[in-house]
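In my numbering, the protein residues as written are 1039 to 1312.
One structure is given below, encoded as structure tokens.
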């Protein structure tokens, strides 16, 4: 019994000694003292191992604390310190990529603006083309309507020379030839009949004598001075004018009064004043 108590006391003292050594910053090798030779070497060895195992975690913790600081990652593990050179290179690369993307965006914006301008011009040109097409259609419609009249106009123009001759003959007979009553009636009937014929084909003769000169309906063939007539008055008519379908077919050939201080007397070929 006494021996067991001595062993327990010896073990307790040894354990306390080991704990004191564990707390020292630079512990020396642990010595196991066997008092009086009564301690079992096997038990002492086991106690020493237990003390060493208890001491090692503290030593490792102190060693870890004394080292370089570690950075914990997202998973809780330690990561290496950040390399400034790599960070600067990455920043420069991202900055260059951003600048390139901005240049591309600006290029696309300019191209989109040009496309909008082209679309505006194309729309204006299309609108003008539609207006031109509508104008051409109206012109074609009028041409189709006028085509029969134009054909008739050419035919009637070919008859004007004969009508002038007939008109001159009738006027001469009525004014200058001594006709019997029956002869005069026949000439009047002829004059009436040919005028009716002209009306049926929408051909209308008009005279200009005594009227002011109208450049839209009269062609001047001569000028003479007549102080008894207003200046610019049609004094004589060489040929009647004609309207066809309400439009001018031929202007009247006229002699116009040019009375005044700058007027010149001009000889006109003699013809009947009708």
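Glycine residues also receive a C-beta, built at the ideal position from the N, C-alpha and C atoms.
Boundaries of the beta strand (DSSP E) harbouring residue 1285: 1285-1288, taken from the DSSP string. Counting only runs that start and end inside the stretch 1120-1144, there is no alpha helix (DSSP H) element of at least 4 residues. Residue 1207 and residue 1293 have their C-alpha atoms some 21 Å from each other.
Residue 1209 carries a helical assignment under DSSP once its states are collapsed to helix, strand and coil. Going by beta carbons, residue 1205 and residue 1257 fall outside the 8 Å limit. According to DSSP, residue 1256 shares a beta bridge with 1290. With a 10 Å radius around the Cβ and a threshold of 16 neighbouring Cβ atoms, residue 1143 comes out exposed. For residue 1224, the uninterrupted alpha helix (DSSP H) run begins and ends at 1219-1238, by DSSP. In the DSSP assignment, residue 1274 falls within the unbroken beta strand (DSSP E) covering 1272-1277.
If you draw a straight line from the Cα of residue 1266 to the Cα of residue 1248, it is about 12 Å long.
A contact between stretches requires three or more CB pairs, one per stretch, nearer than 8 Å, and the stretch 1165-1180 fails this requirement with the stretch 1212-1225. Each of 1239, 1224, 1264 and 1284 was checked against the Cα of residue 1296, and the nearest Cα belongs to 1264.
The alpha carbon of residue 1255 has as its nearest neighbour, out of 1179, 1235, 1276 and 1291, the alpha carbon of 1291. Under the three-state reduction of DSSP, residue 1295 is assigned to strand. Within the model, the alpha-carbon separation for residue 1232 versus residue 1260 is close to 30 Å.
Around the beta carbon of residue 1273, a 10 Å sphere encloses 16 or more other beta carbons of the protein chains shown; the residue is thus reported as buried. Per the coordinates, the alpha-carbon of residue 1270 lies some 9 Å from the alpha-carbon of residue 1252. Between residue 1219 and residue 1287, the CB-CB gap reaches or exceeds 8 Å. Residue 1197 and residue 1244 do not touch by the CB rule: their CB atoms are close to 17 Å apart, not below 8 Å. About 12 Å separates the Cβ atoms of residue 1277 and residue 1209, ruling out a contact at the 8 Å cut-off.
Here residue 1283 is near residue 1240, since their CB atoms are less than 8 Å apart. For residue 1216, there is no enclosing beta strand (DSSP E), as DSSP marks it with neither H nor E.
In the DSSP assignment, residue 1244 falls within the beta strand (DSSP E) that extends over 1241-1244. Assignment of residue 1281 by DSSP, reduced to helix, strand and coil, places it in the strand class.
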